[in-house]
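For reference, the structure is listed below as structure tokens.
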Amino acid sequence: MKVKIFNSPLFGSFKVRLLLSYLTFVLVIMIWVVSYLFISRKQEKLNYLSDSLTDLQIRSQKSSGLLQKFMISGFHNPSFYNTYHQNDIDQFLSLQKNINTKIAQLKIQAVENQINVDAQLNSLIKISNATITSGASLKVLYFRKGYDTYGLIGNMVKNADWIENSGMVSKIDMLQLRRNEKDYIISGDIKYSNYCLRIIDSLIKKKILVKDQSYDAAQTYDALSGYQTDFTNLTKCYQELGLYKKTGVAPQTFQHIDQFNNLYNITENIASKEILLLQKRFVILLLIISAILLLSVVSLSIFLSKYLTQDIKALNKN
0 MKVKIFNSPL
10 FGSFKVRLLL
20 SYLTFVLVIM
30 IWVVSYLFIS
40 RKQEKLNYLS
50 DSLTDLQIRS
60 QKSSGLLQKF
70 MISGFHNPSF
80 YNTYHQNDID
90 QFLSLQKNIN
100 TKIAQLKIQA
110 VENQINVDAQ
120 LNSLIKISNA
130 TITSGASLKV
140 LYFRKGYDTY
150 GLIGNMVKNA
160 DWIENSGMVS
170 KIDMLQLRRN
180 EKDYIISGDI
190 KYSNYCLRII
200 DSLIKKKILV
210 KDQSYDAAQT
220 YDALSGYQTD
230 FTNLTKCYQE
240 LGLYKKTGVA
250 PQTFQHIDQF
260 NNLYNITENI
270 ASKEILLLQK
280 RFVILLLIIS
290 AILLLSVVSL
300 SIFLSKYLTQ
310 DIKALNKN
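In numbering that gives the first Met the number 0, the protein residues as written are 0 to 317.
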């Protein structure tokens, strides 16, 4: 049947048969090229997904470093208390928001590449949101706490300095007061706060009972009351922050970061295994397609050679 078809008038011309042979080989090559480009594109997407996962880890580590930098020295910056902006904590929050955006993009990429990590990525988004919330609260509390001459510490120190310089309170009482104040600010140990507040309370009661109703006495009483209010609020701020403790906004923020890193490692491990498996499958698929097309080319070469040379064979017989 095939011989008859190629021997028909339509295929009788040698040029026509040659052109059909050429087009057949071109078609085979085009099929291979299209297959290669398709598989190559799929592999590029997988590589991009892998790079995106790595980029996510880098951003997370960078944001963690910025948070630590803020808590060690960043809050010392006076411009923070004047503008409510500080480079380290602001970049930390910005990176965390950016991480959320990157995870949302990763979800789309994972679905497109049939990588089953949707549940893990959803959990990473929740942890990142929690980190943003606790990080924003941490910034507010540090701003309220203050440093040097700013915030609660600044107000408290100003009042304490005024009381000390006024001479209306004994040096022994002021020495005990300032020592416990500094010990609490350095360690965050509640016992120093309690000692300090008891001393202040005792001094206030003395000033209420004192007969001296002079301007200095009234100012000292106001300063002691202000100091007591500020120190009470500072204690609440420290407790809420959880500095030097396992509970509070500060340790909670770092716990979120640790949870994120742990879950990221699990997600990255799952994704890497699936990416590697898919890449191997694509390589095998390309090899199979190449082998099939190679066999097709060989078969077509043998098959078509009969019809390309049949005129020559006919002349040889004659």
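Note that beta-carbon positions come from the ideal geometry of N, C-alpha and C, so glycine has one too.
Identity of the residue in the options nearest residue i by Cα
i      : options                           : result
Met173 : Lys190, Ile152 and Leu196         : Leu196
Gln278 : Met29, Ile38 and Thr23            : Ile38
Phe230 : Lys157, Ile114, Ile71 and Leu48   : Lys157
Val168 : Gly153, Asp188 and Ile203         : Ile203
Lys144 : Asn193, Ile274 and Tyr80          : Tyr80
Lys190 : Gly225, Glu273 and Tyr237         : Tyr237
Leu94  : Asp54, Met70 and Leu292           : Asp54
Ser186 : Ser201, Ala216, Leu140 and Gly241 : Gly241
Lys41  : Arg280, Phe142 and Leu294         : Arg280
Lys125 : Ile256, Leu294 and Ser295         : Ile256
Leu140 : Gly247, Ile28, Gln258 and Ser295  : Gly247
Gln258 : Val33, Ala129 and Glu43           : Ala129
Asn164 : Thr100, Asp200, Lys205 and Ala216 : Ala216
Thr228 : Ser295, Phe24 and Asp200          : Asp200
8 Å contact criterion, which residue i and residue j should meet: CB distance rounded
i      : j      : result
Leu66  : Gly134 : 7 Å
Lys122 : Leu262 : According to the sequence displayed, residue 122 carries Ser and not Lys. About 6 Å separates the two Cβ atoms, so the contact holds.
Ala159 : Leu137 : Not really, about 26 Å apart at Cβ, beyond 8 Å.
Ser72  : Ile98  : The pair is not a contact, with the Cβ atoms about 24 Å apart (cut-off 8 Å).
Ala249 : Ile114 : About 35 Å; that fails the 8 Å criterion.
Ser59  : Asn260 : 6 Å
His75  : Tyr146 : 6 Å
Ile131 : Lys96  : 6 Å
Trp31  : Ile288 : 7 Å
Ala222 : Ile171 : So it is not a contact: roughly 18 Å between Cβ atoms.
Tyr226 : Phe142 : Incorrect: roughly 20 Å between the Cβ atoms, too far for contact.
Buried/exposed call for residue i, threshold 16 Cβ in 10 Å
i      : result
Leu233 : buried
Met155 : buried
Glu381 : A question about residue 381 goes unanswered here, because the residues of the chain that appear run from 0 up to 317.
Val282 : exposed
Glu180 : buried
Ile336 : Residue coverage of the chain in this structure runs from 0 to 317, which leaves residue 336 outside it and unanswerable.
Ser192 : buried
Ser62  : buried
Lys210 : Confidence in Lys210 is poor, its pLDDT being 49 and thus under 50, which makes the residue's placement unreliable; the coordinate value appears in the next sentence. Result: exposed.
Val116 : buried
Ile57  : exposed
Asp87  : buried
Ala290 : exposed
Lys272 : exposed
Thr219 : buried
Ile102 : buried
Gly166 : exposed
Leu276 : exposed
Gly64  : exposed
Leu45  : buried
Thr252 : buried
Leu293 : exposed
Leu22  : exposed
Residues near residue i in its chain [Cβ-Cβ closer than 8 Å; skip 5 each side]
i      : result
Leu208 : For Leu208, the predicted model reports a pLDDT of 47, less than 50, meaning its position is unreliable; a value from the coordinates is still stated below. Within the same chain, Leu208 has no close Cβ partners at all.
Ser224 : Ile203
Leu48  : Leu105, Gln108, Ala109, Asn112, Ile114, Ala270 and Ile274
Thr266 : Leu52, Val116, Gln119, Leu120 and Leu123
Asp188 : Asp182 and Tyr243
Residues near residue i in its chain [Cβ-Cβ closer than 7 Å; skip 5 each side]
i      : result
Tyr35  : Leu285
Val297 : none
Tyr194 : Asn179
Gln90  : Leu65
Contact set for residue i: own chain, Cβ-Cβ below 6 Å, skip 5 residues either direction
i     : result
Gln85 : Gly73, Asn76 and Phe79
Phe69 : Asp87 and Ile88
Leu92 : Gly134
Contact with chain B by residue i, beta-carbon distance below 8 Å
i      : result
Lys170 : Any reference to chain B falls outside this structure, which holds one protein chain only.
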